Each structure stands twice: as C-alpha cells, then as structure tokens.
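Novice: Sharing a structure here in structure tokens format.
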Amino acid sequence: MSGTSENFYLPSLARAAHAGHVTRCLSGLPDSQVDLDSGRMAIAFYCLGSLDLLKMVQERTSETDRESWREWIWEQQTSGNYGSGFRPSPFMTGSMSVEETKYTDYDTPHIIMTYTALLTLAILRDDFSRLDKEGILSFLKACQREDGSFSTVPGGGETDLRTLYCAFVVSHLLDDWSGVSVERALSFIASCRSYEGGYGQFTHCEANGGTTYIAMAAIHLAPVTSNPLTPSEIRKTIEWAAHKQLQSGGFCGRTNKLADACYCFWIGGSLKILGAGDLVDSRSLASFLASCQFKFGGIAKAPGEHSDPYHTYLSLAALSMFPPPISANDANSSSWVFDALDPLINAREETAKWARTHIAIRR
Amino acid sequence: MTEPTRYADRPEWSDVAPIEQYESTTPLAPIFYTNEYKDATNYFRGIVKIGEKSGRVLELTEHIIRLNPAHYTAWQYRYETLIAIDSDLRKELELMDELAITHLKTYQVWHHRRLLMLKIREPLPELEFIARTFKVDAKNYHTWSYRQWLLAYFNDDELWSAELDFVEDLLYADIRNNSAWHHRFFTVFQSGVHEGEEDRERVLKREMIYVKQSISLVPNNASAWNYLRGILEHNSTPYSKMITFVEPYTLSMDEQTADLVDLDNPPPSKGAHLPCALAIEFLADIYEVQGGDSMLKATELWKSLGNEHDVARKKYWEYRIREGLRALQA
Numbered sequence: 001m002s003g004t005s006e007n008f009y010l011p012s013l014a015r016a017a018h019a020g021h022v023t024r025c026l027s028g029l030p031d032s033q034v035d036l037d038s039g040r041m042a043i044a045f046y047c048l049g050s051l052d053l054l055k056m057v058q059e060r061t062s063e064t065d066r067e068s069w070r071e072w073i074w075e076q077q078t079s080g081n082y083g084s085g086f087r088p089s090p091f092m093t094g095s096m097s098v099e100e101t102k103y104t105d106y107d108t109p110h111i112i113m114t115y116t117a118l119l120t121l122a123i124l125r126d127d128f129s130r131l132d133k134e135g136i137l138s139f140l141k142a143c144q145r146e147d148g149s150f151s152t153v154p155g156g157g158e159t160d161l162r163t164l165y166c167a168f169v170v171s172h173l174l175d176d177w178s179g180v181s182v183e184r185a186l187s188f189i190a191s192c193r194s195y196e197g198g199y200g201q202f203t204h205c206e207a208n209g210g211t212t213y214i215a216m217a218a219i220h221l222a223p224v225t226s227n228p229l230t231p232s233e234i235r236k237t238i239e240w241a242a243h244k245q246l247q248s249g250g251f252c253g254r255t256n257k258l259a260d261a262c263y264c265f266w267i268g269g270s271l272k273i274l275g276a277g278d279l280v281d282s283r284s285l286a287s288f289l290a291s292c293q294f295k296f297g298g299i300a301k302a303p304g305e306h307s308d309p310y311h312t313y314l315s316l317a318a319l320s321m322f323p324p325p326i327s328a329n330d331a332n333s334s335s336w337v338f339d340a341l342d343p344l345i346n347a348r349e350e351t352a353k354w355a356r357t358h359i360a361i362r363r
Numbered sequence: 001m002t003e004p005t006r007y008a009d010r011p012e013w014s015d016v017a018p019i020e021q022y023e024s025t026t027p028l029a030p031i032f033y034t035n036e037y038k039d040a041t042n043y044f045r046g047i048v049k050i051g052e053k054s055g056r057v058l059e060l061t062e063h064i065i066r067l068n069p070a071h072y073t074a075w076q077y078r079y080e081t082l083i084a085i086d087s088d089l090r091k092e093l094e095l096m097d098e099l100a101i102t103h104l105k106t107y108q109v110w111h112h113r114r115l116l117m118l119k120i121r122e123p124l125p126e127l128e129f130i131a132r133t134f135k136v137d138a139k140n141y142h143t144w145s146y147r148q149w150l151l152a153y154f155n156d157d158e159l160w161s162a163e164l165d166f167v168e169d170l171l172y173a174d175i176r177n178n179s180a181w182h183h184r185f186f187t188v189f190q191s192g193v194h195e196g197e198e199d200r201e202r203v204l205k206r207e208m209i210y211v212k213q214s215i216s217l218v219p220n221n222a223s224a225w226n227y228l229r230g231i232l233e234h235n236s237t238p239y240s241k242m243i244t245f246v247e248p249y250t251l252s253m254d255e256q257t258a259d260l261v262d263l264d265n266p267p268p269s270k271g272a273h274l275p276c277a278l279a280i281e282f283l284a285d286i287y288e289v290q291g292g293d294s295m296l297k298a299t300e301l302w303k304s305l306g307n308e309h310d311v312a313r314k315k316y317w318e319y320r321i322r323e324g325l326r327a328l329q330a
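In order, the protein sequence lines correspond to chains H and C. Quick note, in UniProt numbering, the first sequence goes up one by one and the last residue is 363. Quick note, in UniProt numbering, the second sequence goes up one by one and the last residue is 330.
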C-alpha cells in the first residue's frame, strides 16, 4: 500500500441504509421519476443487483416477493415479428390477454432491457425454463445494423456501443453467437476508438469511460482466438484509463471532467478487464465512494448529491472489484468486504455462474 | 399551475377508447404516475391501438413527451405521424429547438432530430443551433455526437468551412474543454481533407504551433497534451522531435533559461505552475523509446512522478517502472 493512500480516512459503508434505499425504489418510485418508465427493467436490475452485491437478497426480500418478481419479469418476455426479448415494463401494454400474444411495432422487446432482465432473473435464481432462446437469437439479428452496431429496438431507436455490449453478453450467456455478426460488431467498436486511447459512444465521438468499458468487455467476450487490439493499443488504453483516477480517489469519465461515482466502475472495470486492475488505488477509491453516500441511504454521483439506484449499484460493483485494504484503525472494517465481481458481464461471480449454467443449458 | 383538461373530459377525444396500462399485482419498481400522465398515456395506447395518425396525435405525443421526454414510443409514433400526414418538419424542428435545451441529456430528443434532418437535409442552420446550446453546456455528449454526425453525414465544404473557428472560440472560453479538443482532432485529421486544408504539411505545422502555444499558456492541461500526442502518432512523428519544446516544462521556474522568443518552442508562461507532471511524463516516454541508458532517465522521471509530482497515481508510475525494466531485460 502506498504511503499516501493510507492518509485516506475510511468511515463505515452504510450497507443497511443502501439496502434500504434500493428496497424502497423497488417498491415504488415517485412521479418525478416518470422518465424511468421506459427503462424500469434496468432500474429493477440496479436495485436487486445492489442487494445481491451486498448479499442481502435473502434477508431483505421474501420468497413470495422473489416469486412474484420473477413472474413480472417473465411477463415482459414477448415475441413477435422480430423474435423475442424483454420489454422495459408494460408501459405500452394494455392487456396480457391470450388473443394478443404477438407484440405490435410499439411494444417490442428492447435490447438493453433483455440484458438486464436476464441478469435480474439470475439474481432471483430463476431456472430459465421459460426462456425463448431461438426467439432471442432472431431478435439480436433484427437489431444489428449494416455497420455492425445495434439499435435499442428492432428497426428503430438509437444505435451506439451500449446496445452492442448487451447483444454480446446475451450471446455469451446463451453460449450461441449465431444471432450476431461478431466481425462487423468488432469493426464498429474499432471505429469508436479515439486518439486519446478510450472509446466514444459512436464513430467519431469523444473517449468516454462508459463506452470504453463496453468496448473492452465486448472485445473480451467475443468468441475470437486472438485479441484484435495490438499491445500498443492496449497500453494506450491503460494509460488513458489510469489518468482518470483523480486526487480525491474518484474517477472522471472524460479528460478534464469531475469525478463521478459511476466511472469508478466503468473505468475501474476497463482496467480490470485489461489485466491492470492493480493500478487502481482502491483505498482512495473507497474513501471517495464513502463521501458520496447519501445520508438517507444510497450512493450519489458526487458528494452532496442525491442518491439513485444506478450510482448505488455501480459504486458497489466498483467496490466488489476493488475492495479497499483495511487497516486496524478503520471503523467498522467489515462493512467494506465484498464478494468478487465478474467484470465482463457485471454481476457477482456466483450470480454470473448461475446465469451461465442455467441460461446456456436451455439450448 | 392548473392541470390541463383531461382527455377523458374532452368531447373531441370521446371517439377514442382509452386503454389502461396493464400491471400485475406485484410489479417491480412501479412509478406512482400523476393523473395527468395516466390520462394522456391511456389515450396514447388507445390511439396506437387503432393506428390513427392525425394532427391531434401530434398534440397528444407532445404532451406525453413534455411529461416524460424518455418515452421512446411516443417519439417513434410522433415521427411516423409527422411523415404520414405530411406535416411541416421545419415547424417540428422549431419545437425541438425548445425541447432540446430543456432536455439536453435525453437520448430521444437528439435521435428525433437526426430523423428530421435526414428528411429536411439542411444541416447548416443546425450548426448554429448547436453553438447556441453550447452556451448552456459546452460538454454535452449528445450534442457533440449530433454535431459530429451532421458533419460526417452531410460532409460538404460549406459545412466544414467555419468548424475550426468554432472550436477556437470554445477553447478560448475554456482551454480545458476536452470535447472541443476532440472535435478539433476530428475536424483536422479524422474526417478527410477539407477545402483549404490540402497542404498537409502546413496543416500539421499549424496544429503543432497551436497546441504548443496552448500548452505554453496553460501547461497543466491533459487535453492539450493528449492532442499533441494524438497528432504526433497520427502523423507518425516520433515524440523525440519534441524534446526541445518539452524540457523547459519539466523544470522548475527558477531553472528556466530561454529568453529568446522561439516560435517553434514557446516557453512556459510567467505564472505557470512548474514543473508540469504531464511534461515529465512526456519526456519519460521519449527516453523509454530511446531505450538503453535513457531507460534509467525514464525510470528517474517516473519515480519523481510517483513520489512527488503525481502521487495520486503512484501505482501507475510503479507499473511503468516495472514495464520499463522488463523491456530493458528482454
């Protein structure tokens, strides 16, 4: 441990309060958050994922809750002209009656929600017996564009690197890559590389932490025999990422920006995937995240801001990759202990293992 | 503020059967909708069900979008309606000028704008609009992404002609705006050769002078150093060509010797905070490439970064020392 990082004071991580925050969000969100309506599955993932990283799913939820939540998620699996996948929520659904078994063009599955639904089902230890594997492969195919990128919904919506990552994780979990053209996808990733060494959200865009993580994870998930990146490209990406950890211990997402808790995960995760996780100063990182704790629970993007499930989950995921070295003087050192995280699919290792075995078996 | 009259109470909507949202008894993360949102989306689901595309659909979808700008289906249906009824897309763009500034960070606002532009095909006024939004937030990712798409997609000389001046204004306002530096790189090196930029040697020289002068003004600016590295690599110029320029920045103010004005190697400005860690890093990179005995010089510089000038990144500098030694032994 370096001399300087010892200077970072580590208060306790308010695990119970953070679990309380995400549990409250699971049971309902105020109308001021109505913009999450078309992304509820992702919110559910951040909430249940936080409980999973805290190892509090059993303690904080009942078997009845978990059973009915699994049911709710399966209700969002829908099939139609572009294959099968998961909707964000029933925000465009009028009924679940039998005569309307196929989705319309206005209630299709969504690629990001399909990824988060699979992970959430794994957290809830579902057996995946209802998964429409063939349908999902067709859906991925329907979302991929000529340039290799993926759209959020078939035939429309934005395209960028986020959706490509989701398609890759889904293919990886299904252990079947026949729904995507890996070659075109990799060439799209390459087109997003910036002169700084990070990756932008789209061709020609500025290097950003979130999309750099996504590029690194996707490249490492891809079923290819050799890494498409040259050693000097890898070195440059490590150099770019390492420079994003600031004096506060937090990471910023772009050159000359301020620290934001979510980039502790996105950039920390990029370094971890590149085998350079030991370059992260985990003690100052924990100290920064401690300062982002909101007094009524949850973790915020920066000190003094309000918490939300997204920043709470990603902060806990960062701590799962980089648990701080504990010294004898620390208050409540056990509050900083986490299970390891699978950095490629972004889930606690045990959950990732569950997902891999139970989803792939449905071939 | 009074709530608008509910669609359920408006006779002109009485022919539409509203459709309630389906929800099971134990949903995950349900949202406690306002009555206004519930009413509007009930009628929206009703409209979508019968497939109506009309003027009142534009009114309804605008209402929903104002309540929830991330409602991507409302956007999608709105766009299809605009096309189906041959609506005035320029008028729609005016509405978007307002919504884009209110909802600067919403994906859908910018996606819709792209779809409109693919039909209208008049990108030039868009560049002015974007410049106005930068007065609110000059680093907004979606806006930059939209600008880069416009330029690359329509790609004509008129469009590119003022781009460098535009970047310069932004950098003048904030020399550390990395989005502007990135855009400069995109404009000069990654989007083909634009009118007036055919003499690449002159362009490279101009950019070198530009970035060096910027560093001279504010040495501790990672965006400028990254730009310098970027153009050297892009043009296959070895870093070592910069040694005369870089060295003064690695020394303290007392150690500065230059008194002649050398345009190719502008010295640090008077009030600069020296030595500059980014310059030390650059110099170490030069020594590392030289290898041999120079590797020891590189190692000394990395040590000074880890122990003194950039201690927050100590682990990174230790890694560079390890990697350097390994290369030396190989």
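By construction, the Cβ of each residue, glycine as well, lies at the ideal position given by its N, Cα and C atoms. All values reported here derive from a predicted model rather than from experimental measurement.
Taking a Cβ distance cut-off of 7 Å, strictly less, list which residues of the region 17-37 of chain H are near chain C, in chain order.
Specialist: The residues in question are C25, L26, G28, L29, P30, D31, Q33, V34, D35, L36, D37.
Novice: Please determine, among D174(C), L104(C), M253(C), K241(C), the residue with the shortest C-alpha to C-alpha distance to T133(C).
Specialist: Nearest C-alpha to T133(C): L104(C).
Novice: Start and end of the alpha helix (DSSP H) containing T152(H)?
Specialist: That residue, T152(H), is in no alpha helix (DSSP H); its beta strand (DSSP E) goes 150-153.
Novice: Can you check whether the CB of T163(H) is closer than 8 Å to the CB of C143(H)?
Specialist: Cβ distance < 8 Å, so C143(H) and T163(H) count as in contact.
Novice: Give every residue of the same chain whose Cβ lies closer than 6 Å to the Cβ of R363(H), excluding the five residues on either side of it in the sequence, and list them in chain order.
Specialist: Caution applies to R363(H), whose pLDDT of 48 falls short of 50 and renders its modelled position unreliable; the model cannot decide the point.
Novice: Could you name the residues of the same chain whose beta carbon sits closer than 6 Å to that of R15(H), not counting the 5 residues immediately before and after it, in chain order?
Specialist: Correct list, in chain order: L54, S335.
Novice: Relative to the C-alpha of S333(H), which candidate in P323(H), F188(H), D342(H) has its C-alpha closest?
Specialist: For the residues P323(H), F188(H), D342(H), the minimum Cα distance to S333(H) belongs to P323(H).
Novice: Under a three-way DSSP split, which group does K301(H) fall into?
Specialist: If DSSP states are grouped into helix, strand and coil, K301(H) belongs with coil.
Novice: Tell me, please, which residues DSSP counts as bridged to T61(H).
Specialist: Its beta-bridge partners do not exist; DSSP assigns none.
Novice: When Cβ atoms are compared, which residues of the region 111-145 of chain C fall closer than 8 Å to chain H?
Specialist: If the cut-off is 8 Å between Cβ atoms, the region 111-145 of chain C has H111, K139, Y141, W144, S145 near chain H.
Novice: Take S24(C) as the anchor and find which of F8(H), V34(H), E75(H) has the nearest alpha-carbon.
Specialist: Looking at the Cα atoms, E75(H) is the closest of the given residues.
Novice: Kindly provide the ranges of any alpha helix (DSSP H) runs that are 4 or more residues long and lie completely inside the region 38-88 of chain C, ordered along the chain.
Specialist: For the region 38-88 of chain C, whole alpha helix (DSSP H) runs of length 4 or above, ordered along the chain, are 55-67, 72-84.
Novice: Quick one: using the 10 Å Cβ neighbour count with 16 as the cut-off for buried, is R130(H) buried or exposed?
Specialist: Label assigned to R130(H): exposed.
Novice: Considering only the alpha carbon of each residue, which of W75(C), A84(C), D86(C) lies closest to M96(C)?
Specialist: Closest by alpha carbon: W75(C).
Novice: Counting only beta-carbon separations shorter than 8 Å, does I19(C) have a partner in chain H?
Specialist: Yes, I19(C) counts as interfacial toward chain H.
Novice: Please list the terminal residues of the continuous alpha helix (DSSP H) segment that includes E158(C).
Specialist: That run of the alpha helix (DSSP H) goes 157-160.
Novice: Counting along the chain, where does the alpha helix (DSSP H) carrying G269(H) start and finish?
Specialist: Start and end: 261-273.
Novice: Bridge partners of N208(H), per DSSP?
Specialist: Answer is Y199(H), bridged to N208(H).
Novice: With a threshold of 6 Å on Cβ separation, who are the neighbours of S327(H) within its own chain once the five nearest residues in sequence on each side are excluded?
Specialist: Result list for S327(H): empty, nothing under 6 Å.
Novice: Can you list, in chain order, the residues of its chain whose CB lies under 7 Å from that of Y313(H), leaving out five sequence neighbours each side?
Specialist: If we look at Y313(H) and ignore the five residues flanking it on each side, its Cβ neighbours are Y46, G49, S50.
Novice: I'd like to know if the region 231-243 of chain C and the region 198-217 of chain C are in contact, where contact means that at least 3 CB-CB pairs between them fall below 8 Å.
Specialist: Counting Cβ pairs under 8 Å, three or more are found: they touch.
Novice: Taking E23(C) as the query, report the chain H residues whose CB atoms sit under 8 Å from its CB, ordered along the chain.
Specialist: Those within 8 Å of E23(C) in chain H are P90.
Novice: In chain H, what lies closer than 7 Å to H71(C) by C-beta?
Specialist: Chain H residues near H71(C): D37, S38.
Novice: Near S38(H), which residues of its chain fall below 6 Å by C-beta distance, leaving aside the five closest residues on each side in sequence?
Specialist: Excluding residues within five positions, the ones whose Cβ falls inside 6 Å are P88, F91.
Novice: For L118(H) versus V170(H), is the C-beta distance shorter than 8 Å?
Specialist: Closer than 8 Å, so yes.
Novice: Touch check for the region 73-87 of chain C and the region 132-146 of chain H: three-plus C-beta pairs under 8 Å?
Specialist: No: fewer than three Cβ pairs fall under 8 Å.
Novice: Less than 8 Å separating the beta-carbons of T41(C) and I64(C)?
Specialist: The answer is yes: Cβ separation under 8 Å.
Novice: Below 8 Å on C-beta distance, what does F186(C) contact in chain H?
Specialist: Those within 8 Å of F186(C) in chain H are H204.
Novice: Just to confirm before moving on: does the CB-CB distance between G253(H) and D281(H) stay below 8 Å?
Specialist: No, they are not a contact pair.
Novice: On a CA-only basis, which of T237(H), Y195(H), A217(H) is nearest R229(C)? Give me that one, please.
Specialist: Considering only alpha carbons, the answer is Y195(H).
Novice: Taking three-plus beta-carbon pairs below 8 Å as touching, is the region 52-66 of chain H in contact with the region 17-26 of chain H?
Specialist: Yes, since at least three Cβ pairs between the region 52-66 of chain H and the region 17-26 of chain H fall closer than 8 Å, the two stretches touch.
Novice: Mind checking Q329(C): buried by the 16 CB within 10 Å criterion, or exposed?
Specialist: So Q329(C) counts as exposed.
Novice: So, helix, strand or coil for I342(H), using DSSP?
Specialist: In the sequence as displayed, the identity of residue 342(H) is Asp instead of Ile. Reduced to three states, the DSSP call for D342(H) is strand.
Novice: Of all the residues that make up the region 227-242 of chain C, which are near chain H by a beta-carbon distance shorter than 9 Å?
Specialist: Hits within the stretch, in order: Y227, R229, G230, I231, E233, H234.
Novice: Work out the CA separation of K297(C) and M113(H) for me, nearest whole Å.
Specialist: Cα to Cα, M113(H) sits roughly 52 Å from K297(C).
Novice: If I follow the unbroken beta strand (DSSP E) through S79(H), where does it start and stop?
Specialist: First-last of the beta strand (DSSP E) with S79(H): 77-80.
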